[in-house]
Amino acid sequence: MASRKGFWTETLAFYVLESMGFELVSYRHRIVKDGVEVAEVDALARKSGELYAVEVKSGRISTTDIRQAVANAQLLGAKPLIVARGFSDKSAEVYARELGVEVVLLPDYLHFVSTEELLQLLEDALIRTIDRLLDRNIESLSEEELRVLREIASSRDADEACRRLGVDSRSFSQLLGSLREKGVISGGSFEKLRVQARIALILRRLVAT
Numbered sequence: 661m662a663s664r665k666g667f668w669t670e671t672l673a674f675y676v677l678e679s680m681g682f683e684l685v686s687y688r689h690r691i692v693k694d695g696v697e698v699a700e701v702d703a704l705a706r707k708s709g710e711l712y713a714v715e716v717k718s719g720r721i722s723t724t725d726i727r728q729a730v731a732n733a734q735l736l737g738a739k740p741l742i743v744a745r746g747f748s749d750k751s752a753e754v755y756a757r758e759l760g761v762e763v764v765l766l767p768d769y770l771h772f773v774s775t776e777e778l779l780q781l782l783e784d785a786l787i788r789t790i791d792r793l794l795d796r797n798i799e800s801l802s803e804e805e806l807r808v809l810r811e812i813a814s815s816r817d818a819d820e821a822c823r824r825l826g827v828d829s830r831s832f833s834q835l836l837g838s839l840r841e842k843g844v845i846s847g848g849s850f851e852k853l854r855v856q857a858r859i860a861l862i863l864r865r866l867v868a869t
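Mapping to our numbering: the sequence shown position 93 is 753, numbers consecutive.
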């Protein structure tokens, strides 16, 4: 989804999913089999212990889109989830329901928000987020916790962070839980955690000088 319209649709889609309780764990996730990249999904997300392969459509969902979503999800051992404006026709809606594809429909009015209004909304959200991130208790962090932050800050996704730290996903979640208790990080996607980790490390260096 490389077009400008596609970028804004993805931005809105990921925001809506997070507001619904989904944790976005990977973006532009490549599906590799036998060392060959066979496909890509827009994101991987988790909710209530279930993994979802997310496809974002700037238009309406066709039966072809549904088949693609199901096939990609099967390759990942995940559930298919499509975010879009709506269905192209009734047959696509029935097809998605029969195949068990979860569909999140973006309200149509979102597509009529001007670029300037959307930029202002994003700017306001960014300012609020940075303000919360700056209000962190970073002086009490141990060396091990600082190491965890450094690996998160330099990793592309949660799997890479686990490899760098030499832990499995459960242990990684426990490490994150400790940092959350101290208010250093909050929930959200790995991309959000990475930004929080980088800000915490910058603040730590400033405090140490």
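Ideal placement from N, C-alpha and C gives every residue a C-beta, glycine not left out. It should be emphasised that the depicted structure is a prediction, and the values quoted were computed from it without experimental measurement.
- For S686, the uninterrupted beta strand (DSSP E) segment begins and ends at E683 to K693.
- For K707, no alpha helix (DSSP H) run applies; the uninterrupted beta strand (DSSP E) run containing it begins and ends at V696 to K707, by DSSP.
- Here I798 is not bridged, per DSSP, to any residue.
- With a beta-carbon spacing of about 7 Å, A673 and L766 fall inside the 8 Å limit used to define contacts.
- The three-state reading of DSSP puts A744 in strand, counting E and B together.
- By the Cβ criterion, the segment 718 to 728 is in contact with the segment 737 to 754, since at least three pairs of Cβ atoms, one from each stretch, lie closer than 8 Å.
- In the DSSP assignment, A713 is bridged to L704 and P740.
- Linking D791 to V698 through their CA atoms gives a straight-line distance of about 41 Å.
- DSSP lists I742 as the beta-bridge partner residues of V763.
- Pairing L801 with K842 gives a Cβ-Cβ distance under 9 Å.
- Ranked by Cα distance from V676, the options A857, L866 and G848 are led by G848.
- For a cut-off of 8 Å, the C-beta gap from L861 to A813 is around 6 Å, short enough to register as a contact.
- For L711, the closest of F682, T671, E670 and D694 by C-alpha to C-alpha distance is F682.
- Residues of the same chain with a CB within less than 8 Å of the CB of G760, apart from the 5 flanking positions on each side, are K739 and P740 in chain order.
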